[in-house]
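Here the structure comes first, spelled out in structure tokens, and everything after it is commentary.
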Amino acid sequence: MIGGVRDRTTEALLRFGDRCKLILKAAISIAESNDKKELGDFDYKTLVEKLQETGLDKDPKMILRALERDYGIIETTYKSANQHWWRFINIEEVKEAIGDEIEDPEIQLIKIQANSLNLTELERKLRFMLNKPVLSEVDRALFKKIAFEELNYVMEVYRKASMYEETYDIAEKVKSILTLATKVSMKIGKNYAQNKANDLLDPQKEPQAFLK
């Protein structure tokens, strides 16, 4: 292979055209929204799903094989019977070769803001609360902070992210977070109602006004 990754990407784009460009853009989008890269930057299943969202139904295997074997742009990092992961040799040079449209400042800003909110950690906290049998006062205080502070920022990012195909994954993650938050809020409301009912049924718990 001759030349750097940028030059080799340009050659691949000249050979395969827009289809190759769409595949690379989709793979880059997945890589940039992938918080856990133990297996690689992107996988075949997620790539196919993302391409189908853009209307590209043709199997990308042939182009992926060429990008790896003929051009050295990507390399396999994990492969099993039902999974195939790759990583970019140099993602920045691939982005440069594709062009400025993938570097849209508005899209970059959305990704920066989403990263600053640490959506994965927020999702983890909410899932932890949802799975707890009983929420403590500390849990309820934390959820109140999330509901009144963090979710406002999350919604701002969602409104912007839902406008662009490149930030679709961010919008979907926010929707997942809101679903979890809704379930936690319902759990808190249910626990509060249950506690009130128990107080009314307990004859030893008299109103405070009569205990003076």
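For the record, in the sequence shown the residue sitting at position 13 is 13 according to UniProt numbering, with numbers rising by one throughout.
The beta carbon of each residue, even a glycine, is placed where N, CA and C say it ideally should be.
Asked                                                                                                               : Found
Cβ pair count under 8 Å reaching 3, the segment 117-136 against the segment 83-95                                   : no
Opposing strand residues paired with Glu75 [DSSP bridges]                                                           : Arg87
Own chain partners of Ser33 with C-beta closer than 6 Å, once the 5 adjacent residues on each side are dropped      : Asp169
Neighbourhood of Leu24 by C-beta, 7 Å cutoff - its chain only, sequence neighbours within 5 removed                 : Val94 and Ile98
Distance between Glu53 and Leu14 (C-alpha atoms, nearest Å)                                                         : 24 Å
Backbone CA spacing between Ile89 and Thr9 [nearest angstrom]                                                       : 11 Å
Nearest-angstrom Cα separation, counted from Met155 out to Lys183                                                   : 17 Å
C-alpha gap between Ala12 and Met62, whole angstroms                                                                : 12 Å
Minimum length 4: unbroken alpha helix (DSSP H) runs contained in the segment 21-82                                 : 44-53 and 61-69
Local Cβ density within 10 Å of Leu133, reported as buried at 16 or more and exposed below that                     : In the sequence on display, residue 133 carries Pro and not Leu. Pro133 comes out exposed.
Helix, strand or coil at Leu135 according to DSSP, with G and I counted as helix                                    : coil
Spatially closest choice to Glu165 from Gly40, Gly55, Lys37 and Gly72, by CA coordinates                            : Gly55
Given Glu123 as reference, the closest of Asp7, Ala181 and Tyr71 once Cα atoms are compared                         : Ala181
Which listed residue (Ala114, Leu142, Glu38 and Leu130) has its alpha carbon closest to that of Val174              : Ala114
For Glu75 and Asp35, the rounded distance between their alpha carbons                                               : 19 Å
Nonlocal neighbours in the same chain, by C-beta distance under 6 Å from Leu109, ignoring five residues either side : none
Span separating the alpha-carbon of Phe143 from that of Ser136                                                      : 11 Å
Pick from Leu126, Leu130 and Ser29 that is closest to Glu150, judged by C-alpha positions                           : Leu126
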